[in-house]
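Under the numbering used here, think of the first position of the sequence shown as 34, with each following residue one higher. Backbone N, C-alpha and C fix where the C-beta goes; we use that ideal spot for every residue, glycine too.
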Amino acid sequence: MTAKTTPLSIILRNRKALAGLGIILFYVAMALLAPVVSPYSVQYTNPSAFLLPPSGAHIFGTNTLGQDLFTLDLYGAQVSLIVGLAAAGVAVAVGTVVGLVSGYLGGIVDEFLMRVVDFFIVIPAIVFMIIIAALLGPSLINVIMVIGLLSWAPTARIIRSMVLSIREWPFVESAKANNARSGYIMFRHIFPNVSSVLYGNAMLAVSSAIFTLAALVFLGVGNVTSISWGGIIRDAYTTGALSAGDFTYVIPPGVFIFTLIFGFILLGYALEEIMNPRLRTMLKEVRQ
């Protein structure tokens, strides 16, 4: 008697998924436990402890305000996860709706929406993000919306390509014959059949949003008032800590950004493999 195969059991047998999930859970724990495990208050400053090197009292050293860098790095996980997940949610939601409408309605609507998608794919998104974020101001909500609303196009194209095929399936034709409304057909009949691709796509969108946040904050147009890894790296650059060779200022947040992004990428590709039976079969054949 064989055990029933479930998505969870497949994930638990997938090394990439386990590795990615483990990394993500580590940073989730870091964000949640930051107030508990931080040796200092996040508001704590000590001007006399100016740019101290790593020591028992300050594991990663201190910044120009005498703040403990280890404490700031712990709290930096909160902003990265919040912005990454929220911005990815916006991007996936908008992309899914556009892809469903474009693929199902077709015709002029499809033509117009695909030209909009092409525009957002071709433009240098980071440049537009910098301009819009600078105009809107350094608000966390503004950063989330800017990243999300300029990152939805790839999701829309993926969903549309699937809808073009699914809209010809018998159960969709049957719903049309029964005079079901287009919105009902799209979200009740078609969406459940395309939702499987969104899991992996969402994880990749989160990784992209985390990197974009770090870039925007480093360039001074993100939410510079919140503690973030990009902000710590920016401070190291603007205060001359890097020029002075104080690499412990910048290495930890850089490693945290890289590994968190890597964790979401691993989980994203693993979920794509798990949710796509054809891809899973191809990978098995390659490994054999």
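Reference residue 197; option with closest CA among 300, 131 and 95: As a position in the sequence shown, residue 197 is number 164, starting the count at 1. Nearest C-alpha to residue 197: 131.
Residue from 244, 229, 249 and 241 with nearest C-alpha to residue 170: Residue mapping note: residue 170 aligns to position 137 of the sequence shown, counting from 1. Checked all of 244, 229, 249 and 241; the closest Cα to residue 170 is 249.
9 Å Cβ cutoff met for residue 208 and residue 218: Here residue 208 refers to the residue found at position 175 of the sequence shown. Here residue 218 refers to the residue found at position 185 of the sequence shown. Yes, Cβ-Cβ distance for residue 208 and residue 218 is below 9 Å.
Pairwise C-alpha distance: residue 102 and residue 92: Numbered from its first residue, the sequence shown carries residue 92 at position 59. Numbered from its first residue, the sequence shown carries residue 102 at position 69. When the Cα atoms are used, residue 92 and residue 102 turn out to be separated by approximately 8 Å.
Best match in 166, 159 and 227 for proximity to residue 20 [C-alpha to C-alpha]: The requested residue 20 does not occur in the structure, where the chain is confined to residues 34 to 321.
Which of helix, strand or coil DSSP assigns to residue 95: Counting from one through the sequence shown, the residue named residue 95 turns up at place 62. DSSP places residue 95 within a strand segment (E or B) once states are collapsed to three.
For residue 279, three-class secondary structure by DSSP: Position 246 of the sequence shown holds residue 279. Of the three classes helix, strand and coil, the one that applies to residue 279 here is coil, per DSSP.
Separation of residue 149 from residue 288, as counted between CA atoms: Position 255 of the sequence shown, counted from the first residue, corresponds to residue 288. Position 116 of the sequence shown, counted from the first residue, corresponds to residue 149. Those two C-alpha atoms are separated by around 36 Å.
Alpha helix (DSSP H) segment containing residue 245, residue limits: Residue 245 sits at position 212 when you count from the first residue of the sequence shown. Looking at the DSSP string, the run of the alpha helix (DSSP H) that includes residue 245 is 229-251.
Three or more C-beta pairs below 8 Å linking the segment 229-249 and the segment 290-305: Taking one beta carbon from each stretch, the segment 229-249 and the segment 290-305 have 3 or more pairs nearer than 8 Å; the two touch.
Beta-carbon gap between residue 126 and residue 202 smaller than 9 Å: The residue given as residue 126 occupies position 93 in the sequence shown. The residue given as residue 202 occupies position 169 in the sequence shown. Taking a C-beta distance under 9 Å as the contact criterion, residue 126 and residue 202 do not qualify as a contact pair.
Cβ contact (3+ pairs, closer than 8 Å) linking the segment 138-145 and the segment 260-267: Output reads no: the segment 260-267 does not touch the segment 138-145.
Alpha carbon of residue 128 to alpha carbon of residue 188, nearest angstrom: Position 95 of the sequence shown, counted from the first residue, corresponds to residue 128. Position 155 of the sequence shown, counted from the first residue, corresponds to residue 188. When the Cα atoms are used, residue 128 and residue 188 turn out to be separated by approximately 5 Å.
Start-to-end residues for the alpha helix (DSSP H) that takes in residue 152: Counted from its first residue, the sequence shown places residue 152 at position 119. Unbroken alpha helix (DSSP H) run through residue 152: 140-155.
Anticipated Cβ contact below 8 Å, residue 229 with residue 308, distance rounded: Within the sequence shown, residue 229 is the residue found at index 196, counting from 1. Within the sequence shown, residue 308 is the residue found at index 275, counting from 1. Confirmed, Cβ separation roughly 4 Å.
Local Cβ density within 10 Å of residue 204, reported as buried at 16 or more and exposed below that: Residue mapping note: residue 204 aligns to position 171 of the sequence shown, counting from 1. It counts as exposed.
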